[in-house]
Each structure stands twice: as structure tokens, then as C-alpha cells.
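The sequence shown begins at 36 in the numbering used here and counts up by one.
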Amino acid sequence: WMLVHEAVGKFGSPYFDNMLPAYRGYGNGISCYQCCAYQFSNTPETDPKFNEKLWFEDGQHFSMGGWQVVSLNMPRLAYQANGDYDKLLDLAKDKMRLAMGVYAAKRRWMDKAIESNMVPFATQTPRDPRTGKRAPPAVDFNELVNVIGVVGINEMVQYFTGNQLHESEDSIRLAVRLLLDMEKFRKGLEMRSGKQVMLARTPAESTAQTFAVKDLVSPTYKNYARKMVKGDTSTIQSLVKKRDAPVYYSNGTHAYVGAKISLGKKIDIEHKFFPILSGGNIFHAWVGESASDPEALYKLTQRICRNSQIGYFSYTKDLTVCSSCQSTGTGMLDACPKCGSTSVRHWSRITGYYTDVTGWNEGKRQELRDRYRVSI
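What follows is the structure, encoded as C-alpha cells:
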């Protein structure tokens, strides 16, 4: 464990899947988080062939993945509801019903693609070299999960209450109340359709910006959105001509990345949403440039796992990678700390995995600049 936290202290690269909270169901089946922070699980109660798949009998295996993700623009629903909670919930339910139609359309399209042999890799049935018997398809499309994702819960409650998640307990209670009601409705959709449906925090690598821009250029919503979107709102006038603008809504149920709050308070806010979002969530600890003490990190990891509902989390350190000497430094540096070269690239996280910042849209680059980082 200390080796893991030494790696965290230097590069922030590992992330942690916490199986201790009761809702994770440790020991009752299998559960795993993906790099994009979607969570998939299976148990003997939900799958009659669970044990056969667990032991790969006759090539049987789990197909744990998403069929389709439909993301909901939660701030726009708040604008439409205009302070009326019942209307907000009704609007959310309407969008969830619409999502079910999207899944059905995707199914019809994929069925035709499968019939036309357009997805040969996923539908292959490998032959057992010993017996000659065909194994089940590589991907069982019937096991894939339909995901309803939320974006901008922070701005949704800000419009309703006047305060962001980190500013008011009322804002947190409103978010929890709505998500619990949506989760209850999700279960009904799942029961009526016979299809797996999950509620999740959308990774929103591009969607958080897309939703913000669409609301800013909308004649109906622009006056509301100008007060809610995060980022560099001085560029609003240029949005009509350039959609890649440095504005965004907060990811999923996250507190505003620029909120100057302690890590403990951030944990206290965001951990409440993990048991509700059955389809996945992630907690980020944005860590500053200074070297982190591995022992302190390890103790913090233990506290998070034992004392919170957080099921998946990371310590994210921004990295500077030198193209000249191939060394890596911490922080967003203009020059390599080892050789002085200015030929450097910056790497960080949007969701679970590290990527080169040059590939990010302007909204996510602005979010990176806005992040409030802590020292551990």
C-alpha cells in the first residue's frame, strides 16, 4: 500500500475502488468501476448464470458495459421549472422517459447492424480448440446497461436556492431529494421495460461545455445561463460564432471545482450522492504541486474508505511532460524542471484517466485553470 501511495504522491496516477460502504455489496457478487467512472455490477440474484460466468464455464462470461448514455441538462430543467420542485421532478421524469425511447431506437439500429454482420468482433463466437464447441458471443448485448446521466447538479440547485452545493445545506438537500426521486422513478422504468437502467454522473468530457454553450446562445435560456455557467463568461458575445468557449457546467454532482473549501468539506458534500448514483460516480482530490507525503496520503485513503460513502476516488496531480528529455514534473509548468526545455505538454484528469490537455476543449481547459488545489 505504501508503494501505491508513493506513486500517488509523485504522479497521482492510481485511482481507488472502495468496496467498504454497504451499498457496494462486497461479497454478494462482482462490482467494478471503469476509468470513465461508470460502475457495473452483477450478483447471483440478478443473473441465473452468475457462477458459470464467474468460472468461464464453456466460455461464458460477463458483458459489463453501457448500451447507451443519455445525459440530462439539469440546469436547463431548473430554468424551466423556475423554482417549482414538482415541475422540476416532472421535467426530469419526462427526459428519463425520452431516454428510454433513445435506447429503443439504438436497439433497433444495432439489431440491423448485427443482422448485416457489421459488428463481427463483438458478435464472434470463438470455437473451443479442445471440443470444437462454440462459445457465447464476445459481447452479450442483452446484458449491457442503459445509463441516464446527470450534468450540472451544482448549477441546478444554485438557480433554485441562490447557493451552490458548497454554500448551503439547503442546496445539498435539494440535490439529494431530486436524485432520490429520480432513482425511484428509474426503478419503475426498469421494472416496466425489463431493461437495466442506471442513474449516473456523466463523465462530461465535452457535454458540460456543450450544455453551457447551448443555454448561453438560446434566446429562451441565455439570461438564466449567464448567471449560472462557470468559466470565462466575458467571452459570451463570441459564442454565436465560436462554440468552443471557456465555459462549462459542473460535472455530475460535483461541487464547483473552484470552491475554496477544505478537502474534508468537499468529501462531506460529494459522498452523499454515491449510494444514489447506481451507475457510477467519482470523487477527485485536486492536489497541488508540492510533493505529497505517502504516509499522509495512505491515512487519508483509509479515512475516506472507512468513514465516507465514496466508492471511487483519485488524487489528481497536474503533470508536465518534457518532450526533450522525457522527464515528468508536477504542476502546470512552462519549462522542464530538469533540462529547462520549453517543449512541454501538460497532463491531467477530467474523469478517471489522464490525458494530454492539448486535446481538451476550451471549457475543460478553463475548468483546469479554475480548480482549487490542496496540499496533502
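We treat Cβ as the ideally placed atom computed from N, Cα and C, and that holds for glycine.
Keep in mind that this is a model prediction, so the values were computed, not measured.
If residue i and residue j are in contact, beta carbons under 8 Å, what's the gap, nearest whole angstrom?
i	j	result
residue 396	residue 244	5 Å
residue 95	residue 84	6 Å
residue 371	residue 359	7 Å
residue 312	residue 368	About 35 Å separates the two Cβ atoms, so there is no contact after all.
residue 292	residue 402	6 Å
residue 47	residue 352	3 Å
Have a look at the options and flag the residue whose alpha-carbon is nearest the alpha-carbon of residue i.
i	options	result
residue 286	232, 257, 184	184
residue 213	268, 48, 308, 338	308
residue 405	388, 265, 344, 305	265
residue 182	157, 362, 194, 136	136
residue 346	47, 49, 56	56
residue 180	393, 134, 317, 148	134
residue 228	138, 48, 271	138
residue 283	258, 208, 250	250
residue 166	118, 93, 210, 226	93
residue 177	340, 157, 341, 280	157
residue 239	353, 168, 399	399
residue 120	89, 209, 164	209
residue 289	305, 295, 374, 280	305
residue 256	111, 162, 49	111
residue 51	340, 389, 248, 280	340
residue 302	318, 48, 291	318
residue 377	361, 247, 353	361
residue 67	374, 316, 336, 389	316
residue 163	271, 91, 215, 389	91
residue 232	278, 76, 329, 196	76
residue 281	295, 314, 246	246
residue 101	314, 336, 366, 387	314
residue 248	269, 279, 230	279
By Cβ distance below 8 Å, which residues in the same chain neighbour residue i in space, the five residues on each side in sequence not counted?
i	result
residue 409	297, 298, 320, 321, 322, 323
residue 58	309, 310, 344, 346
residue 332	40, 43, 44, 350, 411
residue 215	311
residue 211	307, 308, 311
residue 329	37, 40, 41, 43, 44
Return the chain-ordered list of same chain residues with a C-beta closer than 6 Å to the C-beta of residue i, the five sequence neighbours on each side being excluded.
i	result
residue 327	44, 411
residue 54	61
residue 78	63, 64
residue 364	355, 372
residue 374	359, 360
residue 389	382
residue 198	206
residue 295	407
Excluding sequence positions up to five away, which residues of its chain have a Cβ less than 7 Å from the Cβ of residue i?
i	result
residue 115	126
residue 334	none
residue 21	No information on residue 21 is available, as it lies outside the stretch 36 to 411 that the chain covers here.
residue 237	104, 106, 184, 185, 186, 287
residue 379	355, 356, 357, 358, 368, 370, 371
residue 36	333
residue 194	110, 113, 114, 259, 263
residue 391	380, 382
residue 98	174, 175, 178, 179
Does any heavy atom of the ligand GDP sit closer than 7 Å to the C-beta of residue i?
i	result
residue 220	Among the components of this structure there are no ligands whatsoever, and the ligand GDP is therefore not found.
So, do the region 162-177 and the region 215-222 have three or more beta carbon pairs nearer to each other than 8 Å?
Under the 8 Å Cβ criterion, the region 162-177 does not count as touching the region 215-222, having fewer than three qualifying pairs.
Considering only residues of the region 314-357, which uninterrupted alpha helix (DSSP H) runs meet the minimum length of 4 residues and lie entirely inside it, listed in chain order?
Listed in chain order, they are 329-342.
Can at least three beta-carbon pairs, one atom from the region 188-198 and one from the region 246-265, be found at a separation below 8 Å?
Per the Cβ contact rule, the region 188-198 is in contact with the region 246-265 (3 or more Cβ pairs under 8 Å).
The region 197-205 contacting the region 125-142, beta-carbon criterion three pairs below 8 Å
Contact between the region 197-205 and the region 125-142 is absent, because fewer than three Cβ pairs lie under 8 Å.
Going along the chain, which unbroken runs of the alpha helix (DSSP H) with 4 or more residues stay wholly within the region 120-182?
You should have 120-150, 155-158.
If we require 3 or more residues per run, which beta strand (DSSP E) segments fall completely within the region 369-410?
The region 369-410 contains these whole beta strand (DSSP E) runs: 379-384, 389-391.
Within the region 273-314, ranges of the beta strand (DSSP E) (whole runs, at least 3 residues)
Runs found: none.
Could you pull out every unbroken alpha helix (DSSP H) segment of at least 4 residues lying fully inside the region 194-234, listed in chain order?
204-228, all fully within the region 194-234.
Could you tell me which uninterrupted beta strand (DSSP E) segments, each at least 3 residues in length, are contained entirely in the region 79-124, listed from first to last along the chain?
With a minimum length of 3 residues, the continuous beta strand (DSSP E) runs that stay inside the region 79-124 are 101-108.
Quick check for students: name the residue ranges of the alpha helix (DSSP H) that lie wholly in the region 238-265, counting only runs of 4 or more.
Runs found: 242-252, 257-263.
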